[in-house]
Every structure is written in structure tokens, then in C-alpha cells.
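Asks: Residues 972 to 1201 in our numbering are what the sequence shown lists, from first letter to last. Even glycine gets a Cβ: it sits at the ideal position worked out from N, Cα and C. Just so we're clear, the structure is a prediction, and the values are computed from it rather than from any experiment.
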Amino acid sequence: MAQQPIETIDYNGFRIEIHPDLGAENPHEWETLTPMLVCTRRGIQAYGDIDTSPPTISADQIRECAADIAEILGGRTLLEGVRNWVRLRDYNHADSAVDDALADAVQSMIPSDRLDALATLYRIAGIPSVCVARNGYTQGAWATILAVATPQYLEHTGLSLGSVERQLIADVDLFAAWLHGDVYGYRVMQRCPCCGQYSPVYSEWGFYGAPDNSGLIDAAKEWIDSQLDK
């Protein structure tokens, strides 16, 4: 049975059928998206050059953000928090003890808390990142996505720090559309003047996001207009 369109639009004598794109590519296959950690009910999955290890925090950053780090480590003070996870006598440098304590603490957390902690640590480390929730249309279709502009990513893309947050959000929205099946295509149908039946004359796929926001409808109308101008 042919797939039924989710919406039809009659335009200039043609009919536009909008369908889910069941073969849409994961945008991370394009190798241009921000590295991401994605938390769903199945746990955390990494996309791109990133893992669930905390970033390295400098001694100055530790001093400036001691309270935030102590909270992640479960201590009232930074010292108490570090002692929850490592033996200080095993270390010659305090910042190394903090790094190891954070690594152990973060890996012990449930996935959603782990992502929140990593978002805080990337902020402390001065690495641009965003951590946002993106939900789908069906029950249980939720995701928390941490997108991180790692130094390697910034070097590869050449993005300036002034534009990186906007790009991170755009990348998250693009990936979330794929994750939740929010990718569509269209078929342009032409009506036969003899029998009145519609048959496809053109199609285009790979529009990520809702059809009225992704440019799909405009693209379909532009194609129809181009045929009428011939």
C-alpha cells in the first residue's frame, strides 16, 4: 500500500503531497555537525569526536568555580568533595586530584545527571557548549542533547566565538529532527484532465524540521512556478 501523505496542498493546478522521509540521513554522517552527547531513555550516545570524560580544568578555573565543582563531587567544600573520590596523599598536584575525582564522579552518575554535570564542566573550562531538551511527538520520544564546540571543531569550521552558540543550537535542532523522525519530503502531483487522477511529476526529500519551517512548502511551490513559467 502506498504511503499516505500527512498533508496535501493544492497550488496553481498541482497538488503537493507531504510525506515523512523514511530514509533520511543522520546529519552526523555529513561530518560537519558539532560533536554531541545525546541522552535518551537508552542512555548516552556520543556523536562526533567526543566522549563522556570531563574536560580538563585548569588550576585557575578550579579556584574560580570551586563551589560548582564541589557540588558535582558531592561535597560542602571542594576539599570534602575531592576526598569523596580520591586519596589526596596519592597526588603531588591538587588539580590532578580534582581531575581524577571529577572523572570518577561523573562516570558514576545516572545519564541525565552526567550530562548536566558535563555541561557545567564545559562551561567552567571555557569551551562553548549548549545543553537543551528536544522532545518528539510520541510518548517517550525525548532527548537531552549536549553540543560542544571542541577546539578541533572550531579549527575545522573556522567559526568565530561570536557565532558559535547560534550554530550549536542550529545543529541540535537539525539532529533532533532526524532523531525524532521529523524529516519530510514532497511529491508534486499533476491532475490528468481526462480521468481526473493525480500522478507524481516531481519529488524532493531531506527537509529537516516541520514542513512549514524547513523550506519544504516554499521549495515545492517554487518548482511548480518554474514549470508554469516555461
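(1) Tell me whether the stretch 1000-1014 and the stretch 1143-1152 touch, counting them as touching only if at least three CB pairs, one residue from each stretch, are closer than 8 angstroms.
(2) May I have the straight-line CA-CA distance separating L1139 from C1102, to the nearest angstrom?
(3) Tell me whether the beta-carbon of Q1161 lies closer than 8 angstroms to the beta-carbon of S1170.
(4) Can you give me the C-alpha to C-alpha distance between P998 and W1149, rounded to a whole angstrom?
(5) Count the other C-beta atoms from every protein chain shown that fall within 10 angstroms of the C-beta of Q1123, then say buried if there are 16 or more, exposed otherwise.
(6) S1174 lies in the alpha helix (DSSP H); which residues open and close that run?
(7) By alpha-carbon positions, which one of A1072, L1125, S1083 and C1010 ends up nearest to I1098?
(8) Does the distance from the C-beta atom of A1072 to that of G1052 stay below 8 angstroms?
(9) What are the start and end residues of the beta strand (DSSP E) that includes S1134?
(10) Sort C1166, D981 and E988 by Cα distance to Y1155 and report the nearest one.
(11) Using DSSP with H/G/I as helix, E/B as strand and the rest coil, what is V1243?
(12) Give the single residue among Q974, E978 and F985 whose Cα lies nearest to the Cα of Q1168.
(13) Which of helix, strand or coil does DSSP assign to F985?
Replies: Once the coordinates are examined:
(1) yes
(2) As a first step, residue 1139 is located in the sequence shown; it is residue number 168 there, counting from the start. As a first step, residue 1102 is located in the sequence shown; it is residue number 131 there, counting from the start. The straight-line gap from Cα to Cα measures roughly 10 angstroms.
(3) Position 190 of the sequence shown holds residue 1161. Position 199 of the sequence shown holds residue 1170. Cβ distance < 8 angstroms, so Q1161 and S1170 count as in contact.
(4) For this step, residue 998 is matched to residue 27 along the sequence shown. For this step, residue 1149 is matched to residue 178 along the sequence shown. Distance between the alpha carbons of P998 and W1149 is about 7 angstroms.
(5) In the sequence shown, counting from the first residue as 1, residue 1123 sits at position 152. Burial check for Q1123: the Cβ neighbour count within 10 Å stays below 16, so the residue is exposed.
(6) As a first step, residue 1174 is located in the sequence shown; it is residue number 203 there, counting from the start. Where S1174 is concerned, there is no enclosing alpha helix (DSSP H), although the beta strand (DSSP E) it sits in stretches over Y1169 to Y1179.
(7) As a working note, residue 1098 is residue 127 in the sequence shown. Selected option, being the one with the closest Cα: L1125.
(8) Here residue 1072 refers to the residue found at position 101 when the sequence shown is read from its first residue. Here residue 1052 refers to the residue found at position 81 when the sequence shown is read from its first residue. Yes, these two residues count as a Cβ contact at 8 angstroms.
(9) For this step, residue 1134 is matched to residue 163 along the sequence shown. Counting along the chain, S1134 falls outside any beta strand (DSSP E), though it belongs to the alpha helix (DSSP H) covering L1132 to L1150.
(10) As a position in the sequence shown, residue 1155 is number 184, starting the count at 1. The candidate whose alpha carbon is nearest that of Y1155 is E988.
(11) The chain is shown from 972 up to 1201; residue 1243 falls before or after that span and cannot be answered.
(12) Here residue 1168 corresponds to residue number 197 of the sequence shown, with the count starting at 1. Relative to Q1168, the option among Q974, E978 and F985 whose CA is nearest is F985.
(13) The count along the sequence shown starts at 1 and reaches residue 985 at position 14. Of the three classes helix, strand and coil, the one that applies to F985 here is strand, per DSSP.
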